[in-house]
Amino acid sequence: MGEQEAFENSGPFDGKTLEGQVERYGREMMLYALTLTRHREDAEDVLQEALARIFAKQPSGILNWKAYLFRAVRNAALNGIRRRGRAARREAGAVCGFFIEPASRQEELEALNGALAGLADEQREVVVMKVWGGLTFDQIAQTVGIPRDTAASRYRYAMEALKEKMRGFFNE
Amino acid sequence: MSENEDRFEQYLRSFAGPKLPGNLLDRSAAKARAAHRLKRVVAGVLAAAAALLIAFTLWSRGEPPQGSGSPTPVAKTLPGSDADLTEYASLQRAFRDGGISRLESQLDRTALAMKAGGGLGAQPLNMNSIYGGKLPFETE
Numbered sequence: 001m002g003e004q005e006a007f008e009n010s011g012p013f014d015g016k017t018l019e020g021q022v023e024r025y026g027r028e029m030m031l032y033a034l035t036l037t038r039h040r041e042d043a044e045d046v047l048q049e050a051l052a053r054i055f056a057k058q059p060s061g062i063l064n065w066k067a068y069l070f071r072a073v074r075n076a077a078l079n080g081i082r083r084r085g086r087a088a089r090r091e092a093g094a095v096c097g098f099f100i101e102p103a104s105r106q107e108e109l110e111a112l113n114g115a116l117a118g119l120a121d122e123q124r125e126v127v128v129m130k131v132w133g134g135l136t137f138d139q140i141a142q143t144v145g146i147p148r149d150t151a152a153s154r155y156r157y158a159m160e161a162l163k164e165k166m167r168g169f170f171n172e
Numbered sequence: 173m174s175e176n177e178d179r180f181e182q183y184l185r186s187f188a189g190p191k192l193p194g195n196l197l198d199r200s201a202a203k204a205r206a207a208h209r210l211k212r213v214v215a216g217v218l219a220a221a222a223a224l225l226i227a228f229t230l231w232s233r234g235e236p237p238q239g240s241g242s243p244t245p246v247a248k249t250l251p252g253s254d255a256d257l258t259e260y261a262s263l264q265r266a267f268r269d270g271g272i273s274r275l276e277s278q279l280d281r282t283a284l285a286m287k288a289g290g291g292l293g294a295q296p297l298n299m300n301s302i303y304g305g306k307l308p309f310e311t312e
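Protein sequence lines correspond, in order, to chains A and B. The first sequence begins at 1 in our numbering and counts up one residue at a time. The second sequence begins at 173 in our numbering and counts up one residue at a time.
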């Protein structure tokens, strides 16, 4: 998919459509917001802000809703961080777990949360967008504002690190 | 992507984060509506303030200038102006036609006219007081 195609408009805005897309991708959006803020309440604030902006803007139509929603979340998160100094709160240690399910695999959950938290911010962002968000490298590159090759290399480094940390649970 | 990487991705996808809060969409819509209302109110207040500013500016321009008032004109006509030249021509004609007596009466009329206009001629010109009873071109 070309860079221009990722967020191209193709139809009128419809609140019902947005509602459906949020129901469909809500969990991925929440995880991505958590990845950016590392704080549950901040993540909810970011999502609310992102959706409020979409309601206010009423974009005339979206070709790829998932990519559009991810970008909206990212913009809202960056604005929130600039405005409220969320980074300071993050530094204070108010960090939550990224994954909560399946609850039956608690040890793996803790290991994965720790492994993801241990990644560099830019690597964590790319790997969450690719693995759990299902975005292509083109869409990730456009959302984050980096070259496609950079997105791909960040993903590779992140996956290697995660695989190393999860070696005891994942059998190659 | 190798098969192993693909399997690892599948493994990672078996973990899930928290769900969205149930009322998040409604709260977002309400927030958007509130922001829209606020924007309209601010726009209304700004428009009203701009209208008041314009009205005040127009009103203040219609008022007379503050302070000592408009300056009193020091002469009815400026030297060299068309009116000044007309007066000079009329005085020449009066002297040519009627001599010194006609010139004096013409000067008196001019002075009275200037006095009526608030100019320099507040008093009628008295040729005697100026030239000691003799005009410069009058022979002994």
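Glycine included, every Cβ here is placed at the ideal spot set by N, Cα and C.
Counted within 10 angstroms of its Cβ, other Cβ atoms place residue i as buried (16 or more) or exposed
| i | result |
| --- | --- |
| residue 182/B | exposed |
| residue 189/B | buried |
| residue 218/B | exposed |
| residue 211/B | exposed |
| residue 35/A | buried |
| residue 191/B | exposed |
| residue 54/A | buried |
| residue 107/A | exposed |
| residue 39/A | buried |
| residue 26/A | buried |
| residue 225/B | exposed |
| residue 229/B | exposed |
| residue 167/A | exposed |
| residue 151/A | buried |
| residue 49/A | buried |
| residue 62/A | buried |
| residue 223/B | exposed |
| residue 180/B | buried |
Helix, strand or coil at residue i [DSSP, three-state]
| i | result |
| --- | --- |
| residue 201/B | helix |
| residue 4/A | Model confidence at residue 4/A stands at a pLDDT of 44, short of 50, so the residue's coordinates are unreliable; what they give is reported in the following sentence. In the structure shown, residue 4/A sits in a helix (DSSP, three-state: H, G or I). |
| residue 188/B | strand |
| residue 291/B | Residue confidence for residue 291/B is low, a pLDDT of 49 falling below 50, so the modelled location carries little weight; the figure read from the coordinates is stated next. Residue 291/B falls in the coil class under three-state DSSP. |
Span of the alpha helix (DSSP H), counted from its first residue to its last, around residue i
| i | result |
| --- | --- |
| residue 20/A | 15-37 |
| residue 164/A | 148-165 |
| residue 57/A | 40-57 |
| residue 113/A | 106-117 |
| residue 143/A | 137-144 |
| residue 127/A | 121-127 |
Chain-ordered neighbours of residue i on chain B, where CB pairs are closer than 9 Å
| i | result |
| --- | --- |
| residue 170/A | 179, 180, 183 and 184 |
| residue 159/A | 177, 180, 181 and 184 |
| residue 109/A | 187 |
Chain-ordered neighbours of residue i on chain A, where CB pairs are closer than 7 Å
| i | result |
| --- | --- |
| residue 199/B | 48 |
| residue 204/B | 52, 55 and 56 |
Cross-chain neighbours of residue i in chain A, by beta carbon under 9 Å
| i | result |
| --- | --- |
| residue 188/B | 27, 31, 99, 100, 101, 102 and 132 |
| residue 192/B | 22, 23, 26, 27, 29, 30, 44 and 47 |
Residue i CB to nearest heavy atom of the ligand ADP below 7 Å
| i | result |
| --- | --- |
| residue 184/B | Ligands displayed in this structure: none; no statement on the ligand ADP is therefore possible. |
Partner residues on chain B for residue i, Cβ-Cβ distance less than 8 Å
| i | result |
| --- | --- |
| residue 163/A | 180 |
| residue 36/A | Those within 8 Å of residue 36/A in chain B number zero; the least Cβ separation is about 13 Å. |
| residue 112/A | 184 and 187 |
Integer-rounded CB distance, given that residue j should sit under 8 Å from residue i
| i | j | result |
| --- | --- | --- |
| residue 113/A | residue 133/A | Not a contact, Cβ separation roughly 18 Å. |
| residue 115/A | residue 162/A | 5 Å |
| residue 21/A | residue 69/A | 7 Å |
| residue 126/A | residue 77/A | Not a contact, Cβ separation roughly 15 Å. |
| residue 52/A | residue 174/B | Between residue 174/B and residue 52/A the Cβ distance is about 42 Å, and since that is not below 8 Å, they are no contact. |
| residue 67/A | residue 123/A | Actually they are not in contact, since the Cβ atoms of residue 67/A and residue 123/A sit about 20 Å apart, beyond 8 Å. |
| residue 193/B | residue 41/A | 10 Å between Cβ atoms; not a contact. |
| residue 157/A | residue 130/A | In fact, because the Cβ distance is near 12 Å, the residues do not count as touching under 8 Å. |
| residue 128/A | residue 31/A | 6 Å |
| residue 19/A | residue 196/B | The Cβ separation is near 11 Å, so there is no contact. |
Chain-ordered neighbours of residue i on chain B, where CB pairs are closer than 7 Å
| i | result |
| --- | --- |
| residue 19/A | 197 |
Requested in this report: Please name the residues in the stretch 203-229 of chain B whose beta-carbon is closer than 7 Å to at least one beta-carbon of chain E, in chain order.
Outcome: In the structure shown, chain E cannot be found, because the protein chains are A and B.
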